[in-house]
Amino acid sequence: MRRKTILVVEDGTEYVETFRRLAMPEAQVDFLPACDVQAARRILSERRVDGVFLDVVFDRIPAGNLCGNLEPLITRFAGDDARAFDYLARNQGFFLAHALAPLIPPGVPVLLAYDFSSEPARLAALKTRLPRLEGVEDGVPISKVLERLLR
Amino acid sequence: MIAAALLSALLAASPEEPTRGDCSTDAVALSAEAEELLTGSGPRPAAATLARARELTRAARRGAPSSALSLRAADLAFAAGDVEEGGDLLAAAAEAAGPSLLSPPELLLLARRADERRRWHEAIRRYWDLSRSLAAAGKRADWIAARIRDLEVEAEAEAVAPPSAGPPIEARLALADGKRALAEGRLREAKERLLLALRLSPGYVEALLALGAVETRSGRSAAAVRAYKDALSLEPDRVETVTALANLLWQEPDRGAKEESLALLDRAVALRPDLRSLLRLSASRWAEFGDAAKALERLDRYLQKADPREREELASLRAALARRVRGVKEGGPSLAQVPAEEPTSKAVDLWRKAQVYVGRGDPESLSSALPLLAEAEKLDSSLARAPELAAAIHERRGEWAQAEAALRRAIRADASRASTYESLARILERDPKRFAEAVEVWRKAEGAGSSEALFRLAQWTESAGRRSEALSLYRRYRDSAPAGLHTAESVAAIQRLERRRKVETVTAVSGLGLMILAAGFAIYRLNSGRTFAEWLTLRPSRAQDVRPLMGRLRHEALKHGGLLLSDATGRLENGGDEVRRETAELLLARLYGESGSRGVIPEAENALSQLRSLAREDHVRLNLHRDPIFSWLLRGIRALRRARGSLRDIAESGRASEQVASRAARLLHRGTQCFRLASGAEIERALDRASALPVRVEALRALLARVAEEEGMKAPTLEPVGVLALHETLPPVRIPAIDWETIWRNLFGNALAGGRARGDSVRLGLLAQRRRDPITGEARLRIVLADDLASTLSPAQIRSRPADRGWGVIVELLRRNDGAFDVTAPPAPGFTKGIALDLPALEEPS
């Protein structure tokens, strides 16, 4: 049986570590970490992945590495650069999903670390671009997340 | 032998003769007739002859008493076998004419006769006479000196009071009642009960001591002195009695009483050399009495074991005494001897003799006393005083084991004697390892009526920290021994403990008050303050500041915590050592931020701290403990914090016990449950309830009418544009009502002002569009206010306006509420432009 590969995009190493140590450590899974959109793009272009996990908040990487067009945000926030950057960092997972969507094969599950349980329409709207996008509800254990990534 | 030979010769020279008659009163004639009668009867006179001769001689003595006739009569009495009368006559002759008249055998006869009759002093005198008589004849009789020494002991022993029997139970009960009444201050009743005890048992020392205490407290010092003296006569070595009496006598005005007091005090010092305070007291009283030499001698003895501070304190007194000393030394007054009583038994005689030896105090005498006491104990095992005295001798000789054994025998013989228990307790106290045993014996002594025991137990309970019990014991001692050895110390201790009790009471009351205040404050703190929802309801404009903070809390704590905790708990519960260790390491890093990771708990606490700071800026105390959402989060954090130690043990040891792993798992499980209850969605809902605003066209029309009225203008119609219906329900937007109204007031004001400037009414239209952010997918509402005014401002120009008025206010409020602003093309014919507001909206129910 082929080993599965999961791309984990996060600004630290917490998710990868947690996946490796807690989520079915006996499973035949490789976790490929990526800390920004460039790294994720590189992996997706070089490797076949069986699942993508996206963190949402990226406040530990340089602002220049953040994915997303800053101009409209600065306009939106009335020229407030700091607020625009903060918004971008706090919602980086969404921007990543948007940017990586063309590179992710349609059948590959994508889990975004965001709880859509009270915003189903929002998830539905995002699924138009990534049909297998799912949210991660608060309180869900990491093993369940991995199960969903490997489905 | 000499007497026997003499008597034989006399008998041989006494022939039996017929009598002449008894009528004559002439002593010479009568005597001559008697002699004639005897001469005629040969060496062995008949009994009748001898009797007649004795009658004649007796008659002659009546007529003219003389030593010679007495001696002759004695001879005849002895010859007749009447030793009793013979002895009496010899004694009478000796008394009348002196011992030199008698021969050594006669003197011996008299000495032995007195000896047999236990007339010790007479026997001693006769032996001395015999000794002198023999010495005059050039003969030695060493045995006489030894016998005299024995007789002297006997004579002294006779003066010793016999030991009293143990008091009957009725007397002991009366004593107990009396002491209780004394302790409660019912002095009259106490005296009645104690007198009853003494009637039932006249030699009951404890009752006498208690009576002394009653009389002292009643102010009848003479009666108290009598009671103590009676007690002392029965137990001369009881230091409690000696000191009580000494103190009482010292209070008397006459000098004789004071002298007696001083002697008693010296005796107490001799009895209890370990009580150094007695020496100091003795020194000061001798000094007060005016005998500097004795005072100095006692002070020097006291100073031998004094510490430097005491030496310094007493240096001036010593110097003054030394100056006054003239070298005169006086002997202390002697105590009156106890009247002799008839001996009760051989055992008692032996005990009395031993007492005399002990009184002499030299090693030889002490050695002589022990066999006597052993014999006495053997003869009468109930004679407790015998082993007790033996114990005293052993104590003096430092033979502690023998002393203890003797005292235990004494207690077995008579368990009612307090002094025996006291002595035993003091011996046991010498060994620190037997302290508990000593305390037990002191308790028994107290039960037997010992005041000393009360004091010692008081000291012990005080040192053991049982101050209330100690206070009670000190009080009992003070009441039962008002002139006792430790009265001053007891009074001081009572004052000290009462002061301390007062302080403790005040402290306890204050502490209790503080605790009540603290509890009240804690209850107030727990129940006061505002919940998260209450705060936001009060200050809805805070929602925009709080929202990113809550987003972080939700993501970093609730989501990451949830992802981590369930699986980690399972691995701790079911994994092997290595799995547990790895899991614990991961949890330490991820929960607490060890090893440089971002910790769930620090993140959560940081977010909560910032939340509280924001509330404080609004002068609101945020009470998250009574918050229905955040209280669970706090409980979860607390549970996880408590798990840290166990997790560290597991991570560091690698081989944690099941108990440690189980505890860690239990706490993690609790934390997980609490985090689940602290729903992130509920936090969002609370934010939206406080700050989301339903958008209604009718409400905007009403606002336009108010603004126009304020401007003194006629309100234009606000036309729905496009598909917007008049009564359509639009999704609520995330903006506080006050901001919303301010924005629209400014927009309407600008439009109305533009119309006024143009000189006619402005046409206004309203368009609403639901939309989603193309990237984040979040719901937004775009509302466009269309007008027919000529536009001269670009969006960039509008954004650059000052934030405190007009367009600048609108831009600033939108920025704060995550909104956007734009100037658009006219949304419908008849309008020249549109002012578009783009605001985050709530998800509509599907």
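Residue numbers (the numbering used here), protein chains in the order written: chain A, 2 to 152; chain B, 7 to 852. The C-beta atom is built at its ideal place from N, Cα and C for all residues, glycine as well.
Just how far apart, CA to CA, sit residue i and residue j?
i, j, result
"Val585 (chain B)", "Glu579 (chain B)", "10 Å"
"Arg358 (chain B)", "Val159 (chain B)", "9 Å"
"Arg788 (chain B)", "Pro73 (chain A)", "16 Å"
"Arg436 (chain B)", "Leu413 (chain B)", "15 Å"
"Gly761 (chain B)", "Glu540 (chain B)", "43 Å"
"Arg124 (chain B)", "Leu114 (chain B)", "15 Å"
"Asp420 (chain B)", "Leu285 (chain B)", "33 Å"
"Val509 (chain B)", "Arg560 (chain B)", "54 Å"
"Asp121 (chain B)", "Pro173 (chain B)", "35 Å"
"Ala83 (chain A)", "Gln39 (chain A)", "23 Å"
"Ala252 (chain B)", "Leu140 (chain B)", "49 Å"
"Phe117 (chain A)", "Lys128 (chain A)", "12 Å"
"Ala180 (chain B)", "Arg155 (chain B)", "45 Å"
"Tyr210 (chain B)", "Ala203 (chain B)", "8 Å"
"Leu327 (chain B)", "Leu302 (chain B)", "6 Å"
"Gly568 (chain B)", "Leu699 (chain B)", "32 Å"
"Leu124 (chain A)", "Ala721 (chain B)", "43 Å"
"Ala390 (chain B)", "Ile417 (chain B)", "7 Å"
"Leu378 (chain B)", "Asp94 (chain B)", "33 Å"
"Gln408 (chain B)", "Ala514 (chain B)", "51 Å"
"Ser73 (chain B)", "Ala143 (chain B)", "22 Å"
"Ser429 (chain B)", "Phe461 (chain B)", "14 Å"
"Ala165 (chain B)", "Glu241 (chain B)", "14 Å"
"Ala525 (chain B)", "Leu673 (chain B)", "28 Å"
"Leu136 (chain B)", "Arg78 (chain B)", "20 Å"
Under 9 Å, Cβ to Cβ, is there at least one residue of chain A near residue i?
i, result
"Lys565 (chain B)", "yes"
"Arg695 (chain B)", "no"
"Leu820 (chain B)", "yes"
"Glu690 (chain B)", "yes"
"Leu544 (chain B)", "no"
"Pro700 (chain B)", "no"
"Pro738 (chain B)", "no"
"Phe538 (chain B)", "no"
"His675 (chain B)", "no"
Taking 9 Å as the threshold (beta carbon to beta carbon), is residue i in contact with chain B?
i, result
"Arg4 (chain A)", "no"
"Gly180 (chain A)", "This structure gives no information on residue 180 (chain A), because the portion of chain A shown stretches from 2 to 152."
"Arg133 (chain A)", "no"
"Asp82 (chain A)", "no"
"Gly52 (chain A)", "no"
"Pro121 (chain A)", "yes"
Starting from residue i, find everything on chain A with Cβ-Cβ shorter than 7 Å and list it in chain order.
i, result
"Phe681 (chain B)", "Gly140"
"Ser603 (chain B)", "Glu15"
"Thr830 (chain B)", "Ordered by position in chain A, no residue passes the 7 Å Cβ test against Thr830 (chain B), which lies about 14 Å from the chain."
Which chain A residues are close to residue i, counting only those with a beta carbon under 9 Å from its beta carbon?
i, result
"Ser767 (chain B)", "Within chain A, no residue comes near Ser767 (chain B); the closest Cβ sits about 31 Å away, beyond 9 Å."
"Pro608 (chain B)", "Within chain A, no residue comes near Pro608 (chain B); the closest Cβ sits about 13 Å away, beyond 9 Å."
Residues of chain B with a CB under 7 Å from the CB of residue i: which are they?
i, result
"Asn217 (chain A)", "Any answer about residue 217 (chain A) is impossible in this case: the structure gives chain A only from 2 up to 152."
"Phe78 (chain A)", "Arg821"
"Val146 (chain A)", "Leu569"
Below 8 Å on C-beta distance, what does residue i contact in chain B?
i, result
"Glu72 (chain A)", "By Cβ distance, chain B contributes nothing, its closest Cβ being about 13 Å from Glu72 (chain A), past 8 Å."
"Arg230 (chain A)", "This structure gives no information on residue 230 (chain A), because the portion of chain A shown stretches from 2 to 152."
Please list the partners that residue i has in chain A, where partner means a Cβ-to-Cβ separation under 8 Å.
i, result
"Leu845 (chain B)", "Going along chain A, no residue has its Cβ under 8 Å from Leu845 (chain B), so there is no contact; the nearest lies around 11 Å."
Are the region 812-829 of chain B and the region 77-97 of chain A in contact at 8 Å, needing three or more beta carbon pairs?
yes
Any alpha helix (DSSP H) of 4 or more consecutive residues that is wholly inside the region 528-592 of chain B
538-544, 549-558, 566-580, all fully within the region 528-592 of chain B.
Looking at C-beta atoms only, is the number of pairs between the region 488-505 of chain B and the region 591-601 of chain B that lie closer than 8 Å three or more?
Touching, no.
Is the region 52-68 of chain A in contact with the region 103-121 of chain A, if contact means three or more CB pairs nearer than 8 Å?
As far as the Cβ criterion goes, the region 52-68 of chain A touches the region 103-121 of chain A, which means the pair count is three or higher.
I'd like the ranges of any alpha helix (DSSP H) spanning at least 4 consecutive residues and lying wholly in the region 594-633 of chain B.
Entirely contained in the region 594-633 of chain B, the alpha helix (DSSP H) runs reaching 4 residues are, in chain order, 606-623.
Examine the Cβ distances between the region 519-526 of chain B and the region 708-723 of chain B and report whether three or more of them are shorter than 8 Å.
no
Does the count of Cβ pairs from the region 525-540 of chain B and the region 619-633 of chain B closer than 8 Å reach three?
Verdict: yes, contact present.
Using 8 Å as the cut-off, can you tell me whether the region 15-33 of chain A makes contact with the region 59-70 of chain A, which would need three or more C-beta pairs spanning the two stretches below that distance?
no
Segment contact flag, the region 40-51 of chain A with the region 94-109 of chain A, C-beta cutoff 8 Å, min 3 pairs:
yes
Three-pair Cβ contact test at 8 Å for the region 761-774 of chain B versus the region 742-749 of chain B
no
Any contact between the region 664-682 of chain B and the region 635-651 of chain B? By contact I mean 3 or more CB pairs, one from each, below 8 Å.
yes
Could you tell me which whole alpha helix (DSSP H) segments of length 4 or greater appear in the region 7-38 of chain A?
Here the runs fully enclosed are 15-23.
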